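So the protein lines, in turn, are chains A and L.
Numbering-wise (my numbering), the first sequence opens with residue 1 and increments by one.
Numbering-wise (my numbering), the second sequence opens with residue 236 and increments by one.
A virtual CB, placed ideally from N, CA and C, is assigned to each residue, including glycine.
Please read these numbers as outputs of a predicted model, since none were measured by experiment.
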Amino acid sequence: MNTIPITINDKKLDVDPAKTILEVCRENDIEILTMCHLKGIIDIGACRLCLVEIEGINKLLSACTTKVAANMVVKTSTERIKKYQRITAELFFAERNHVCSVCVANGKCELQQLGYKVEMDHIRYPHLFPHCEVDTSHPWYVMDHNRCIMCTRCVRVCNEVEGAHNWDVMNRGHQVRIISDFNTPWGESITCTSCGKCLHACPTGAIWPKAIVQGQLEKKPEIISELMEKRKMKL
Amino acid sequence: MNRQELQALAGKAKGKHEQFKHKICVCCGASCISSGSEEVLKKLQEEIKTRGLENEVEVIPSGCMGPCNQGPLMKYLPEQTIYQKVDCNNITAIVQSQLIEKKPIEELLLFADSREKPFVNSNEDPFFKRQMKIALKDCGDINPENIEDYLAAGGYRALEKAFFLLSPEEVIAEVKQSRMRGRGGAGYPTGLKWETVYKYVSDQKYVICNGDEGDPGAFMDRSVLEGNPHRVLEGMVIAGYAVGSSKGYAYIRGEYPLAIKRFELAIKQATKLGLLGKNILGSNFSFDIEVRIGAGAFVCGEETALIASIEGKRGTPRPRPPFPAEAGLWGKPTLINNVETFAGIAPIITNGGEWYSETGTPKSAGTKVFALAGKIKYSGLIEVPMGTTLREIVFDIGGGVQNGGDFKAAQTGGPSGGCIPAEHLDVKMDYESLISLGSIMGSGGLIIMDKSSDMVDVARYFMEFCMDESCGKCVPCRVGTKMMHDLLQKICDNKGTQIDLDRLEELAVYVKETSLCGLGASAPNPLLSTLRHFRKEYENRIMNHQ
């Protein structure tokens, strides 16, 4: 296999040129924070947590969507990047109504983990406290928009892996919401196959199975990645 | 139609116009139509007919002439006499004295109510004298709905020259030599972009014309599309020839029904004459254009969001790289340029790149169309060489601030731009100078503000715009613009504190540096530039609550 030399955080590496910066970092135990990334589905660079500094490029680029190039010099955790990650985390928490203590995902939530990782001891921005619906119309599952961070992992999993395209996005700006079909209750969806992949893809407690209580949610986002690996091998 | 037939048709069209002694243009741009120019046109045609002058005088509906707030406008050629605010009741009098007695009615001439002595030849009026029209040439002099008018004015000659005398490489070389930069706002060198798309090998490439002009107060692209659609079309076909594409899309915002109608008509007419479609002018080059209508999202002016929209997806941007030149529409190499950029192509091909590069400044060549709006005496559409100072635009062309007020600031680049204060009135209007002041050229919106404008409120207004228009995909733009807007609202309500101001500044830099696309990255510009030039107003709000 042809490899190209790149440098990440002063570490010299020889890597596969078809890979993204994020893939290379994950393979080499270089930590990059992500929220909208889920291995196996198409990356969209939306959460902006994986931004990295690349020498010679004056913009910060998202590691999940940027392919490595020969002699690229990447920095993943400068003071500037750390500062921005912390602001992003704070904005996530301030945007909707995240109350960990009563959440099904407490202890297993990727957003909560992010808060710890960026050492978010408090939130400096006023909470927006938007009015958000809780959709319990599905016989097995619940969609709680209060806990949604608009990573759209559910949308992509439903579309790319299950092929159902039950989920989509409506509205613009801070009023965006995940919708089922054309904004009808989830339980009335004519596209949902009730496969449950969105549950596992969701990084927070926004989508969860009924009949569980606080902290009991078991999420396995890795099953999506494994599934896609197996499919790739079959091809 | 082949090359000889095109030349014959152009000659015939020209001859037809030369039969007439006079030509009267009635502006039928969206602005003049809204003040009743269609009735004026009808009445004028009747008047000419009743007087039996129809073989001497040609009456046509034309595109925008420039001074939009004086409409409906009526121009007499070859005298270049413009009458303003024409209504159906004074047409008989104007025709009588202008055409028969050869004595223009002074009190009805353009700017008669504000100039000591209005100019009979409008080209001598400072509003026009300081201008230089390249992209807007013929706009206001020809009937945009008649391809023969465009042919008579030398239209499609550039296309003919490109096809039969130049290779695609030579066309690109001319555009590169012109040093033209993208007129959509970012100012990327046009020739370089063309060359990049040209170099990618692909079975299919696309050319897209970005007509999704969304900046508040901007109407350059609308006027070009309404006033001279064939010019844009010609530019697109030449671009297709140069980069090796056979399919073009014109993405025009739905709020511009007249522009859409006229551009679609232009496509129809050009196709009929064989200037579009298979084997254009008998050559082996084929090119088609399809119009796509925007549904009202500002973010669709961003190139990757626009591409997603054409593909039928939700109009949200995606990270670059890869740039559209490499992987654009349906993953194919795509050339995407603004309306005004395409409008500048034909003159570059006809007169050569060197000719174009002689105008303007060393780094910003050519001319730029601006939409003058706000508290300015003569608002409207102007085109000036790059490097013209803001002072010249505001005071010489625009006649200064309305009602003799004092100039406070000029806002350039719409919600992505910034404010330029009075002490920088002598700034040259080119890409670099505006960036050095914390603003941007943008697409050409130029809003003039007087002392009555509250700069904190101006920043709040533009932030509200960006907050509403953010697509909601990335966190900094989705939540950051909302936070910044709320903080600005708090300061406007005299409830702000110094901490709010610090948070605001921190957020502004964060959103600018981390946003996914240009909308978010430039959304803090109005805030940052007002903070830079009018910080006192923010502090006054916080400290003294006034």
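> For the beta strand (DSSP E) that L:T647 lies in, which residues bound it at each end?
Replying inline: Taking the second sequence and counting its residues from 1, the one referred to as residue 647 of chain L is at position 412. Residues 642-647.
>> Strictly under 8 Å for the Cβ-Cβ distance: is A:F92 near chain L by that measure?
In response: As a first step, residue 92 of chain A must be located in the first sequence, where it is residue number 92. It does: the Cβ of A:F92 has a partner Cβ on chain L nearer than 8 Å.
> Taking just the CA atoms, how far does L:S750 sit from L:A540?
Replying inline: The residue labelled residue 540 of chain L in the question sits at position 305 within the second sequence. The residue labelled residue 750 of chain L in the question sits at position 515 within the second sequence. Distance between the alpha carbons of L:A540 and L:S750: 14 Å.
> Name the DSSP beta bridge partners of A:T7, please?
Replying inline: Here residue 7 of chain A refers to the residue found at position 7 when the first sequence is read from its first residue. A:T7 pairs with A:K12, A:V73.
>> Helix, strand or coil, according to DSSP, for L:L607 in the structure here?
In response: By one-based count along the second sequence, residue 607 of chain L stands at place 372. Looking at L:L607 - three-state DSSP - the assignment turns out to be strand.
>> I'd like the list of long-range same chain contacts for L:E618, defined as Cβ closer than 8 Å, with 5 residues on each side in sequence excluded.
In response: If you number the second sequence from 1, residue 618 of chain L lands on position 383. Excluding the 5 residues flanking it on each side, L:E618 has same chain C-beta neighbours closer than 8 Å at Q366, M367, K368, I369, A370, L371, T602, K603, V604, F605, in chain order.
> What does L:R488 touch in chain A if you count any residue whose Cβ is under 8 Å from its own?
Replying inline: What you label residue 488 of chain L is simply residue 253 of the second sequence in a count that begins at 1. Chain A residues near L:R488: none, gap ~16 Å exceeds 8 Å.
> Could you give the distance in angstroms between the alpha-carbon of A:L111 and the alpha-carbon of A:K219?
Replying inline: Walking along the first sequence from the start, residue 111 of chain A turns up at place 111. Walking along the first sequence from the start, residue 219 of chain A turns up at place 219. Their backbone Cα atoms lie some 13 Å apart in a straight line.
> What three-state label does DSSP hand L:F522 in the structure shown?
Replying inline: Within the second sequence, the letter at position 287 stands for residue 522 of chain L. Three-state DSSP puts L:F522 in a strand.
> Nearest-angstrom Cα distance between L:V294 and L:M702?
Replying inline: Taking the first residue of the second sequence as position 1, residue 294 of chain L is located at position 59. Taking the first residue of the second sequence as position 1, residue 702 of chain L is located at position 467. Taking the straight line joining both Cα atoms gives about 47 Å.
>> Determine whether the beta carbon atoms of L:H257 and L:L334 lie at a separation below 8 Å.
In response: Position 22 of the second sequence holds residue 257 of chain L. Position 99 of the second sequence holds residue 334 of chain L. Contact flag set, yes.
>> Can you tell me where the alpha helix (DSSP H) holding A:M154 begins and where it ends?
In response: Start at 1 with the first residue of the first sequence, and residue 154 of chain A comes out as number 154. What sits at residue 154 of chain A in the sequence shown is Cys, not Met. A:C154 -> alpha helix (DSSP H) spans 153-156.
>> Quick check: is the beta carbon of A:R5 nearer than 8 Å to any beta carbon in chain L?
In response: Along the first sequence, read from residue 1 onward, the residue named residue 5 of chain A stands at position 5. As written in the sequence, residue 5 of chain A is Pro, which differs from the Arg given in the question. A:P5 does not count as touching chain L.
> If you measure beta-carbon to beta-carbon, which residues of the segment 692-716 of chain L are closer than 9 Å to chain A?
Replying inline: C701, M702, D703, E704, S705, C706, G707, K708, C709, V710, P711, C712, R713, V714, G715, T716
>> On the CB-based measure, 16 or more other CB atoms within 10 Å of its CB, does L:E289 come out buried or exposed?
In response: Walking along the second sequence from the start, residue 289 of chain L turns up at place 54. The residue in question, L:E289, is exposed, as its Cβ has fewer than 16 Cβ neighbours within 10 Å.
> At a CB-CB cut-off below 7 Å, which residues of chain A make contact with L:L244?
Replying inline: The residue given as residue 244 of chain L occupies position 9 in the second sequence. Per Cβ cutoff of 7 Å: no residues; L:L244 is ~48 Å from chain A at best.
>> Under DSSP, the alpha helix (DSSP H) around A:V169 begins and ends at which residues?
In response: Position 169 of the first sequence, counting from 1, holds the residue named residue 169 of chain A. Element bounds for A:V169: not the alpha helix (DSSP H) but the beta strand (DSSP E), 167-170.
>> Using C-beta distances below 6 Å, list every residue in its chain close to L:G680, excluding the 5 sequence neighbours before and after it, in chain order.
In response: Position 445 of the second sequence, counted from the start, is the residue given in the question as residue 680 of chain L. The residues are D450, G452, A453, A606, G649.
> Alpha carbon to alpha carbon, what distance is there between L:E774 and A:K82?
Replying inline: Counting from 1 along the first sequence, the entry for residue 82 of chain A is found at position 82. Counting from 1 along the second sequence, the entry for residue 774 of chain L is found at position 539. For A:K82 and L:E774, the distance between alpha carbons rounds to 30 Å.
>> For the beta strand (DSSP E) containing A:I207, name the first residue and the last one.
In response: Here residue 207 of chain A refers to the residue found at position 207 of the first sequence. Unbroken beta strand (DSSP E) run through A:I207: 207-209.
> Under the rule that 16 or more other beta-carbon atoms within 10 Å means buried, what is A:I6, buried or exposed?
Replying inline: Your numbering for residue 6 of chain A matches position 6 in the first sequence. Looking at its Cβ environment, which holds 16 or more other Cβ atoms inside 10 Å, A:I6 is buried.
> What is the rounded straight-line gap between the Cα of L:L723 and the Cα of L:N760?
Replying inline: Taking the first residue of the second sequence as 1, we reach residue 723 of chain L at position 488. Taking the first residue of the second sequence as 1, we reach residue 760 of chain L at position 525. When rounded, the distance between both Cα atoms is 14 Å.
>> If contacts are defined as beta-carbon pairs under 8 Å, then A:R153 and A:C202 qualify, I think. What distance do you get, rounded to the angstrom?
In response: Reading the first sequence from its first residue, position 153 is the one you call residue 153 of chain A. Reading the first sequence from its first residue, position 202 is the one you call residue 202 of chain A. That pair is a contact at about 6 Å.
> Just by C-beta distance, which residues in the segment 740-753 of chain L are closer than 8 Å to chain A?
Replying inline: The segment 740-753 of chain L vs chain A, Cβ under 8 Å: E741, L742, Y745, E748, T749, S750, L751.
> So which residues of chain L does A:M150 contact, with C-beta pairs closer than 9 Å?
Replying inline: As a first step, residue 150 of chain A is located in the first sequence; it is residue number 150 there, counting from the start. Correct list: G707, K708, V710, R713.
> Are the CB atoms of A:M143 and A:W186 nearer to each other than 8 Å?
Replying inline: One-based indexing of the first sequence puts residue 143 of chain A at position 143. One-based indexing of the first sequence puts residue 186 of chain A at position 186. Yes, the pair counts as a contact, with Cβ atoms nearer than the cut-off.
> Taking contact to mean at least 3 C-beta pairs separated by less than 8 Å, is the segment 493-510 of chain L in contact with the segment 546-566 of chain L?
Replying inline: no
> Would DSSP call L:A221 helix, strand or coil?
Replying inline: No answer is possible for residue 221 of chain L: the residues shown for chain L start at 236 and end at 781.
> What residues from chain L crowd round A:A46, counting only those whose CB sits closer than 8 Å?
Replying inline: Taking the first sequence and counting its residues from 1, one reaches residue 46 of chain A at position 46. Ordered by position in chain L, the residues that pass the 8 Å Cβ test against A:A46 are K708, C709, V710, L751.
> Hey, quick one: how far does the alpha helix (DSSP H) through L:E281 stretch, first residue to last?
Replying inline: Reading the second sequence from its first residue, position 46 is the one you call residue 281 of chain L. DSSP places L:E281 inside the alpha helix (DSSP H), whose first and last residues are 272-285.
> Which residues in the same chain as A:M1 place their Cβ atom closer than 8 Å to its Cβ, once the five residues preceding and following it in sequence are excluded?
Replying inline: Looking up residue 1 of chain A in the first sequence gives position 1. Cβ within range, chain order: D16.
> What does A:L128 touch in chain L if you count any residue whose Cβ is under 9 Å from its own?
Replying inline: The sequence position of residue 128 of chain A within the first sequence is 128, counting from 1. Those are V714, K717, M718, D721, listed as they occur along chain L.
>> Run through chain A and tell me which residues come within less than 9 Å of L:P556, C-beta to C-beta.
In response: Numbered from 1 along the second sequence, position 321 holds the residue referred to as residue 556 of chain L. The answer, in chain order, is L61, T65, T66, K67.
> Residue ranges of each alpha helix (DSSP H) run of no fewer than 4 residues wholly in the segment 15-78 of chain A, ordered along the chain?
Replying inline: Given a length threshold of 4 residues, each whole run of the alpha helix (DSSP H) inside the segment 15-78 of chain A is given here in chain order: 21-27.
> Under 7 Å Cβ-Cβ, which residues of chain A neighbour L:R466?
Replying inline: Reading the second sequence from its first residue, position 231 is the one you call residue 466 of chain L. Neighbours of L:R466 on chain A: none; closest Cβ ~34 Å, over 7 Å.
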